[in-house]
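J.: Just so you know, the sequence shown maps onto residues 1462 to 2035 in our numbering.
Cβ coordinates follow ideal geometry from the N, Cα and C atoms, glycine included.
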Amino acid sequence: MRKRILLVTLLVSVVGILLLSVLFSAVFYEQTLDRTRSQLKIYMGIYRAEFADSPLTAETARALSEELGGARVTFLLKDGTVAADSGAEGALENHLERGEVQEALETGEGYAVRRSATLRENLVYYCCSFDEMFTLADGTPQEGALVRIAVAGSSGYAIFAGALPTVVWFLIVDILCCLFVAWMATSFVLRPVEKLTLEAAHGGGKEVRTEYAELAPIAKMMNDMNADLHEKVEKMKEDRRIEKLVLNSMEHGIVIFRDPADVILINRTARRLLDYETNEPVPCFVNDREIAAILESGESASVVRSIGGRYYAFRFTFNEKMRVLLITDVTESTQAARSKNDFIANVTHEMNTPLTSIRGFAELIAAGAMPPEKLEGVANTIMRQSDRLANLIRSIINFSAIDSDELPDYEVDLSELLHEAVSAFEPKIAQKKLRMKADIGNGVKVMSRRERLLEIVNNLVSNGIRYNKEGGELSVTLTGGPVPVLRVSDTGIGLSEEDKTRIFDRFYTVDKSHNGTGGGFGLGLAIVKKLCRRAGWKLSVESELGKGTSFVIEFSAANQKTAQNPSPEANGIG
Ligand code: ADP
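1) Would you tell me roughly how many angstroms separate the C-alpha atoms of V1944 and I1917, rounded to the nearest one?
2) Given a threshold of 16 other Cβ atoms within 10 Å of its Cβ, counted over all protein chains shown, does Y1618 qualify as buried or as exposed?
3) Could you check where the beta strand (DSSP E) with D1723 kicks off and where it finishes?
4) Measuring from the CB of R1927, is there a heavy atom of the ligand ADP at a distance below 7 Å?
5) Can you look up R1670 in the DSSP assignment and give me helix, strand or coil?
6) Which of helix, strand or coil does DSSP assign to T1814?
7) Answer yes or no: the CB of V2013 versus the heavy atoms of the ligand ADP, is any distance below 7 Å?
8) Take every Cβ of the stretch 1598–1611, pair it with every Cβ of the stretch 1533–1543, and state whether three or more of those distances are shorter than 8 Å.
9) Looking at the unbroken beta strand (DSSP E) that takes in R1719, where does it start and where does it end?
10) Rounded to a whole number of angstroms, what is the C-alpha to C-alpha distance between A1674 and K1681?
11) Apply the 10 Å Cβ neighbour rule to N1903 and answer buried if 16 or more other Cβ atoms are within range, or exposed otherwise.
12) Below 8 Å, how does it come out for the stretch 1888–1907 and the stretch 1924–1934: are there three or more Cβ pairs, yes or no?
13) CA-CA distance, L1825 and F1775?
14) Sorted by chain position, which residues of the same chain lie with C-beta nearer than 8 Å to L1708's C-beta, five sequence neighbours on each side aside?
15) Report the residue from A1578, C1589, E1582 and L1676 whose alpha carbon sits nearest the alpha carbon of Y1572.
16) According to the Cβ coordinates, are L1651 and M1462 closer than 8 Å?
17) What are the partner residues of A1545, as DSSP defines its beta bridges?
18) Considering only heavy atoms of the ligand ADP, does any lie closer than 7 Å to the CB of I1863?
19) Since Y1508 is in the beta strand (DSSP E), which residue starts that stretch and which ends it?
20) Quick one: Cα of G1600 to Cα of A1545, how far?
21) For G1569, which residues in the same chain have their Cβ closer than 6 Å to its Cβ, ignoring the five residues on either side in sequence?
22) Using only CA atoms, which one of I1954, R1849, A1891 and V1488 lies nearest to F1621?
23) May I ask you to report which of helix, strand or coil DSSP gives Y1773?
24) Looking at the strands, I want to know which residues DSSP matches up with L1449.
25) Measuring only from the beta carbon, is F1982 closer than 7 Å to any heavy atom that is part of the ligand GTP?
26) Could you tell me which residues DSSP pairs with A1798 in its beta bridges?
27) With DSSP collapsed to three states, give me the class of N1583.
28) Name the residue from L1481, R1845, L2000 and G1821 whose alpha carbon lies nearest to the alpha carbon of L1632.
29) Counting pairs of beta carbons, one from the stretch 1468–1481 and one from the stretch 1491–1502, are three or more of them closer than 8 Å?
30) Say yes only if the C-beta of L1878 is nearer than 7 Å to one or more non-hydrogen atoms of the ligand ADP, and no if none qualify.
31) For the beta strand (DSSP E) holding S1909, just list the boundary residues, first then last.
32) Does the distance from the C-beta atom of L1584 to that of A1613 stay below 8 Å?
33) Okay, do the stretch 1815–1830 and the stretch 1757–1771 touch, 3+ Cβ pairs below 8 Å being the bar?
34) Under a three-way DSSP split, which group does M1897 fall into?
35) Count the other CB atoms within 10 Å of the CB of W1630; is the residue buried (16 or more) or exposed (fewer)?
36) Here's the rule I'm using: 16 or more other beta-carbon atoms within 10 Å means buried, otherwise exposed. How should I1788 be labelled?
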């Protein structure tokens, strides 16, 4: 701005000075011309007074010229013929067409300013017409003639050119003065504006003030803008904070990136799962061939990866500029799928074994190849295998029936139920030579249904017997209070850490080899878990491999009185 003001000031002043110079030159030229005309009139007067009777000869012209200080004198006939001229020897061309001659013939006198072709200088001509009798050089009389006197005169251009050096000096001084004055003026005007701008920029949002009334609207505008900006920045910060909070509290991992080393956004979960360090390429984008190939192809795709014992689905989507990776924990569904596969394998195996043996025996009997004394033993085997098949089918039906069980709860005497259940297992306990410890508090009541509680107790106790060591200990403890607690413990084979997390899955059995040899189908604990979850009870397991296992159920009073379909989150394992 300062530069522009300086330039404009300079331009205006230079153009002004040049125009003034031209104007002055023109005025000066006009004045000079007027003076010259007056001078020429005086010269003509001298001619009239002293040379009017002289012949129109070159001598007379030169004498007059000398008298007039060197002015050019020309005598002309009225037809334009030059009779004599003080400045030129010999005949001159006809002057009838010259402006001053024409004017003099019409009005008696005429002026002209012209460059003389004869003398090659700028001349001011004054011509007068006379009607008296004259004598020509050859002595012949002549009626009427024209006398023209010319003196050198400056042209406007010559005047301007003459003044030019002065004008140039004047211009230099003018430019310097202009520069100085414009600099001072702009400084004076701009300083408060600059101060205002600096305050607004670096004042940290503080209100800007000015002592100049003219700048008050600007200051107000700046303050309004500052306030608006501040509000917007705060809003943006808040939005960003919320965005960050949402992203970081998501259990899903999210990564938005342009290429493996150019990550635009990554949330906490993804950072942890991908072991990502800022400014480094995301490790799996480079090291995992399948993922690298997906990124290369640019086509949306998913892969599943195992990280820290859990399974995660990596879903890649692409748009023109960005790529997005969404990481979802699919451990549950992967394990469920795995359990399902186990189930199919188990069920096939479980069904196949008894069916094969039943069919084999039936074929032998049909062919009459079975000795009669073995028939009883074979019939017993066929019945055992059929029972096992029936058990398997019942367990599956039981498991799926829980979901559709909407029957109302009522108060069940759990103490009584436990006594009954435990005594029903006495033969099996004796068979395995187990020490039975039952510490069952009296009158402990729970809101549920008898068949459900029986299912739970039977499963836990039968497992305590089945997975116990010969001669081991089985203990059943029930404590009352606001939250009754049931604990079924054994000193059996125990569980590994990994198995502890999986035994509640459907069809999961730790030792697959026991199938068909008296082991269950892996549905018992899944049923227990499902029943506890629906009732809102907390089910947990404590176990040490080789030492034994305890299953604990806390019958939460609040839940058991009200809940028919409690939320899955209410339970300890799930
Ligand atoms: P199953 O009918 O096979 O016993 P469960 O669902 O009751 O099925 O148990 C699942 C698996 O958990 C069992 O196969 C077994 O390996 C393990 N398990 C259950 N209870 C115990 C226990 N008390 N001690 C050791 N392992 C157990």
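T.: According to the structure data:
1) 17 Å
2) exposed
3) D1723 to I1727
4) yes
5) coil
6) helix
7) no
8) yes
9) G1714 to D1720
10) 11 Å
11) exposed
12) yes
13) 56 Å
14) I1715, L1726, N1728 and R1729
15) C1589
16) yes
17) F1536
18) no
19) Counting along the chain, Y1508 falls outside any beta strand (DSSP E), and DSSP gives it neither H nor E.
20) 13 Å
21) S1590
22) V1488
23) strand
24) Outside the displayed range of the chain (1462 to 2035) lies residue 1449, so it cannot be described from this structure.
25) Within the structure as shown, the ligand GTP is missing, the only ligands being the ligand ADP.
26) DSSP lists no partner for A1798.
27) strand
28) L1481
29) no
30) no
31) K1906 to S1909
32) yes
33) no
34) strand
35) exposed
36) buried
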